[in-house]
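All remarks here apply to the structure that follows.
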Amino acid sequence: MSAIPEGHFVQLEDGLSLHYHEAGQGEAVLFLHGSGPGASGYSNFKGNYPIFAEAGVRAIVPDLPGYGLSDKPETEYTLDFFVAAVKGLIDQLAIDSVTLVGNSLGGAIAIKLTLDYPELVRKLILMAPGGLMEKEQYFQEMEGIQKMAAAFASGELKDASGMRRLLGLQLFDASQVTDETVNERVAVVHEQPVCVLSTMQVPNMASRLHELRCPIFGIWGVNDKFCPSRGADTMMNACSNIRFTLLSECGHWVMVEHEAWFNRQCIDFIRHN
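Now the structure itself:
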């Protein structure tokens with residue numbers, strides 16, 4: 338079974354150990370992955386962060402607590418818990434200004450971190466961010482979230498066939514799911530306590546979006562089965578200094594499905610806006 342390649346570890350002030358990959362030098366760009374079972378920074382962004390590094394930035398890709406090779410404590414996985422961990426990583430790495438790249442849960446973390454520490458965040462790149470409506474709405478409306486929760490609870494994601502079925506929901510074209518990614522995520526699922534997903538709480542931050550002042554680049558696949566693409570309208574109507582691109586034939590993982598385009602557009606945004 339393929340495992341995530343080991344990068345670096347850092348211990349936060351509260352004792353939590355976080356794992357991360359890093360490449361390149363220059364201004365800091367921090368990649369924040371989503372919440373799917375077995376997720377890690379590497380499995381989400383392995384086709385992206387090396388290209389960013391080649392373009393002249395310091396690309397940092399952590400595993401959130403509860404995921405990848407980071408610690409997985411038996412605790413409540415609230416949005417503030419994740420934000421505190423990411424801020425602790427930023428402090429430990431002595432970063433004083435950062436661009437955040439966040440998908441799904443990672444997008445919600447990026448938004449909340451920017452609200453809490455506006456002086457720290459230079460720019461935001463958001464792909465189908467969470468936290469734009471009530472949790473109950475996501476579960477009621479989104480096929481992907483319903484099936485993800487059921488599959489994790491049943492244990493069917495501990496084998497490759499079950500994980501492949503779930504990951505197929507993340508993409509418009511399920512044939513893009515690779516054996517490598519399936520195996521990376523199955524290995525992590527075997528180590529994840531149930532509380533990682535069962536206690537997760539991400540509040541609706543729509544009423545605070547107007548407080549975001551940094552430049553924002555958002556991307557959403559209109560075939561997303563996890564976060565509805567109307568979230569782009571929510572953000573466009575609330576935020577200033579924002580642009581959004583909607584993509585046809587694209588699900589929840591734009592950085593995977595349209596990898597080369599995503600890399601070019603984001604690097605251009607980082608360099609010129």
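Mapping the sequence shown onto the numbering used here, position 203 (from 1) lands on 540, and the numbers just tick up by one.
All residues carry an ideal CB built from backbone N, CA and C; glycine is no exception.
What residues match up with residue i in a beta bridge as DSSP calls it?
i, result
"residue 464", "440, 556"
"residue 357", "345, 399"
"residue 365", "395, 435"
"residue 584", "558"
"residue 458", "435"
"residue 538", "415"
Near residue i, what residues of its chain come up, given a Cβ to Cβ distance below 6 Å and the 5 sequence neighbours on each side ignored?
i, result
"residue 338", "Legend: pLDDT at residue 338 = 46, less than 50; position of this residue unreliable, value from coordinates given subsequently. Excluding sequence neighbours, residue 338 sits near 520, 524."
"residue 355", "347, 399, 407, 426"
"residue 482", "475, 476, 563"
"residue 582", "556"
"residue 610", "552"
"residue 606", "554"
"residue 284", "This structure gives no information on residue 284, because the portion of the chain shown stretches from 338 to 610."
"residue 575", "546, 547"
"residue 471", "541"
Under the assumption that residue i contacts residue j (Cβ atoms under 8 Å), give the Cβ distance between them as a whole number of angstroms.
i, j, result
"residue 381", "residue 440", "6 Å"
"residue 443", "residue 370", "5 Å"
"residue 401", "residue 419", "6 Å"
"residue 479", "residue 373", "With a Cβ gap of about 13 Å, residue 479 and residue 373 do not count as contacting."
"residue 377", "residue 404", "6 Å"
"residue 543", "residue 469", "5 Å"
"residue 448", "residue 423", "Not a contact, Cβ separation roughly 12 Å."
"residue 413", "residue 571", "Between residue 571 and residue 413 the Cβ distance is about 26 Å, and since that is not below 8 Å, they are no contact."
"residue 592", "residue 464", "6 Å"
Suppose the cutoff is 7 Å on Cβ atoms and the five residues either side in sequence are ignored; what does the same chain contact list for residue i look like?
i, result
"residue 530", "409, 411"
"residue 415", "538"
"residue 493", "499"
"residue 501", "514, 519"
Between the Cα of residue i and the Cα atoms of the options, which residue gives the shortest distance?
i, options, result
"residue 534", "362, 375, 361", "375"
"residue 366", "567, 388, 396, 387", "396"
"residue 429", "341, 554, 350", "350"
"residue 579", "462, 451, 450, 393", "462"
"residue 586", "509, 603, 604", "509"
"residue 361", "387, 506, 460", "387"
"residue 352", "467, 601, 473, 421", "421"
"residue 431", "457, 565, 452, 451", "457"
"residue 309", "608, 467, 603, 460", "The chain is shown only over 338 to 610; residue 309 falls outside these bounds and no answer can be derived."
CB-CB under 8 Å to residue i, same chain, minus the five flanking residues each way: which ones, in chain order?
i, result
"residue 454", "424"
Are there three or more Cβ pairs, one per stretch, closer than 8 Å when the segment 544–556 is compared with the segment 503–523? no
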